[in-house]
Amino acid sequence: MPAPLPRFAALAYCLPALGLALLVLPLQLAAPHFYQEVHGLDLTALAIIVLTVRLLDVLLAPVVGLVSDRLRTRFGRRRPLLILLVIPLAGGAAMAMDPVPGAGMVWFTLAFSLALILTTAVTVNHEALGLDLIGGYNRRTRVWALRDGCFLLAALILVLTWNPLVPMARGWLSSWVPLAIPFTVVSIFLCVRALPENRHAQEEDRSPSTIGQDLKAAMQSRTFLSLCGVHSLAIAGLAFQLTLAPAYLDEVVRLNGEDALPMALGCALAGLIVWSLMAPRWEKLTGLRVALSIWITAHAGWWYLEVGDQRGLLQLAGLSGFASGGVLCMSSALFADTPALVRRAHGHRLEGLHSGLWMGTRKVPAMAAAALTLWALQRIGGGSEEAATDAGRKILRTLFSSGPAALGALALAATYAVRLNRRLVRSLGTTLGD
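So the sequence shown is numbered by the working numbering: it starts at 210 and just counts up by one.
Printed below as a string of structure tokens:
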């Protein structure tokens with residue numbers, strides 16, 4: 210079992226998540242609009258390119274994980290790949306931010322593909338490195354909560370520093386991407402320098418397995434597949450919520466929307482901390498069920514919220530954010546536990562493949578939920594301004610209330626399909642030798 214990480218090493222491991230989030234969120238959310246507004250490219254063509262690149266990204270994530278699992282160097286398995294990938298990632302992000310005049314669609318395709326795919330590759334290896342090194346049932350929960358907290362902190366920073374007078378695309382790309390590029394590179398180097406390589410993980414492979422055997426080992430774990438389904442549904446609900454939240458708060462409660470989104474993200478951060486501290490007191494699957502139940506209740510409450518009810522808006526935003534933090538904390542902690550279950554059943558260390566498959570399963574429904582909400586928002590914007598506002602308020606309220614609640618209910622139902630013995634889960638940090 211790996212030795213406990215010092216506090217500085219745990220912080221060094223989590224910092225790249227902040228840099229990657231500050232890099233990828235503006236690129237994903239703002240880059241297409243930036244190229245449309247500034248360079249006059251067709252938004253439909255840009256949307257097709259983004260969808261194609263994201264689908265390719267989903268397919269490549271498990272491949273990156275397999276390569277990471279099978280790599281053997283004297284510097285370890287994950288660390289050389291992290292160093293090799295972060296430099297072209299920085300170059301791709303810089304290309305996306307500063308296009309060559311007249312390059313047009315070809316430049317966007319190349320820059321966006323390079324930045325997004327390399328971000329996924331770095332994230333897969335970063336997650337796998339953590340799974341290699343961080344043992345212990347409760348220790349994994351705390352470290353993964355800190356890592357997810359960095360992601361939420363990045364989202365909160367972007368919301369708090371957004372100037373409504375400046376278009377979001379220009380503001381984010383000109384303000385945060387130039388800072389995120391060097392921060393990501395430095396934090397990756399610091400992470401690699403601070404974390405030791407798990408020698409036990411490399412020495413364990415005395416009888417190398419084939420790629421087919423690795424895939425079969427992962428696919429035969431019912432617990433792994435069930436938890437992937439639960440996590441992907443929960444992430445889809447969060448994506449649905451985050452995509453709709455700015456438009457909903459702007460249209461339905463225009464006067465109060467500025468305070469509600471930071472309130473929700475701040476409460477999500479607080480919820481992440483609280484749920485990670487409560488995790489040792491109960492089994493994580495139970496904690497996920499409780500968090501999902503609160504989340505469903507909070508979103509059902511949006512339907513009854515009166516327009517302009519500032520106090521009710523802030524209360525529901527806080528409750529919804531707190532529950533979102535719990536869902537993120539518990540589902541991510543379960544993700545960190547499941548490689549030990551696969552290893553216990555099949556004897557293979559598949560942290561890279563595990564991370565790649567997990568990322569793919571959560572990206573597909575999240576992408577579908579985001580695409581559905583964006584399509585709905587475009588449909589709402591059609592017609593006369595007065596009719597669009599009237600219809601938009603009703604449709605947005607319905608979508609914002611029922612969409613995440615329905616996905617949360619499906620995720621809650623799926624948790625009961627997971628056969629996870631409590632004693633087995635408690636023993637993950639000791640008996641299984643992870």
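Think of the CB as a built atom: it goes at the ideal place given N, C-alpha and C, for glycine as much as any other residue.
Is it true that the CB of residue j sits closer than 9 Å to the CB of residue i?
i                 : j              : result
proline 241       : methionine 306 : no
cysteine 183      : leucine 227    : The structure shown does not extend to residue 183, since the chain is modelled only from 210 through 643, so no value can be given for it.
proline 310       : isoleucine 444 : no
alanine 330       : methionine 304 : no
histidine 563     : glycine 274    : yes
glycine 565       : valine 272     : yes
alanine 337       : arginine 286   : yes
leucine 231       : alanine 363    : yes
threonine 328     : leucine 478    : no
glycine 561       : valine 267     : no
leucine 528       : isoleucine 505 : no
glycine 475       : leucine 365    : yes
serine 435        : alanine 626    : yes
alanine 542       : threonine 350  : yes
phenylalanine 449 : leucine 581    : yes
isoleucine 397    : isoleucine 292 : yes
leucine 298       : threonine 370  : no
glycine 530       : alanine 615    : no
leucine 367       : leucine 234    : yes
glycine 339       : alanine 545    : yes
Is it buried or exposed for residue i, if we count other Cβ within 10 angstroms and need 16 for buried?
i                 : result
tryptophan 511    : buried
proline 225       : buried
arginine 288      : buried
tryptophan 385    : buried
phenylalanine 622 : For the sequence presented, residue 622 should be read as alanine rather than phenylalanine. By the 10 Å Cβ count, alanine 622 comes out exposed.
serine 593        : Residue placement at serine 593 cannot be trusted, given a pLDDT of 40 that sits under 50; the coordinates are not used to answer.
tyrosine 222      : buried
tyrosine 244      : buried
tryptophan 567    : buried
valine 259        : buried
proline 308       : buried
leucine 316       : Correcting the residue type first, residue 316 is tryptophan in the shown sequence and not leucine. With 16 or more Cβ atoms within 10 Å of its Cβ, tryptophan 316 is classed as buried.
alanine 596       : The predicted position of alanine 596 is uncertain, since its pLDDT is 44 and thus under 50; no value can be drawn from it.
proline 373       : The predicted model places proline 373 with a pLDDT of 49, which falls under 50 and marks its position as unreliable, so this point remains unresolved.
proline 215       : exposed
isoleucine 296    : exposed
tryptophan 484    : buried
leucine 464       : Low confidence applies to leucine 464: its pLDDT is 46, below 50, so where it sits in the model is not reliable enough to give any reading.
proline 391       : exposed
phenylalanine 647 : This structure gives no information on residue 647, because the portion of the chain shown stretches from 210 to 643.
phenylalanine 217 : exposed
arginine 520      : exposed
arginine 402      : exposed
threonine 649     : Nothing about residue 649 can be reported from this structure: the residues present for the chain run from 210 to 643 only.
arginine 415      : With a pLDDT of 47 at arginine 415, under the threshold of 50, the predicted position of this residue should be treated as unreliable, though the coordinate-derived value follows. By the neighbour-count rule (16 or more Cβ atoms within 10 Å), arginine 415 is not buried but exposed.
At which residues does the alpha helix (DSSP H) containing residue i begin and terminate?
i              : result
alanine 226    : 216-248
proline 391    : 386-403
glutamate 336  : 313-342
tryptophan 511 : 493-511
arginine 288   : 288-306
proline 310    : Taken as a continuous stretch (DSSP letters only), proline 310 belongs to no alpha helix (DSSP H), as it is neither H nor E.
aspartate 251  : Here aspartate 251 belongs to no alpha helix (DSSP H), and DSSP marks it neither H nor E.
Residue i and residue j look like a contact to me (Cβ under 8 Å); what is the Cβ gap, rounded to whole Å?
i           : j             : result
leucine 494 : leucine 404   : That belief does not hold up - the Cβ atoms of leucine 494 and leucine 404 are roughly 29 Å apart, past 8 Å.
leucine 497 : threonine 624 : 6 Å
alanine 270 : glycine 569   : 5 Å
leucine 238 : alanine 302   : Not really, about 14 Å apart at Cβ, beyond 8 Å.
alanine 577 : leucine 501   : That belief does not hold up - the Cβ atoms of alanine 577 and leucine 501 are roughly 19 Å apart, past 8 Å.
valine 439  : serine 540    : 7 Å
serine 277  : leucine 290   : 6 Å
For residue i, verify whether its CB is less than 8 Å away from any heavy atom of the ligand SAH.
i            : result
arginine 281 : You won't find the ligand SAH in this model; it holds no ligand whatsoever.
>> Quick test of the definition: if touching needs 3 or more C-beta pairs under 8 Å, does the region 241-258 touch the region 526-546?
In response: The region 241-258, when compared against the region 526-546, does not touch it at the 8 Å Cβ threshold.
>> Can you confirm whether the region 348-365 touches the region 262-279 when touching is taken to mean that 3 or more C-beta pairs between the two stretches lie within less than 8 Å?
In response: The answer is no - the region 348-365 does not touch the region 262-279, with fewer than three Cβ pairs under 8 Å.
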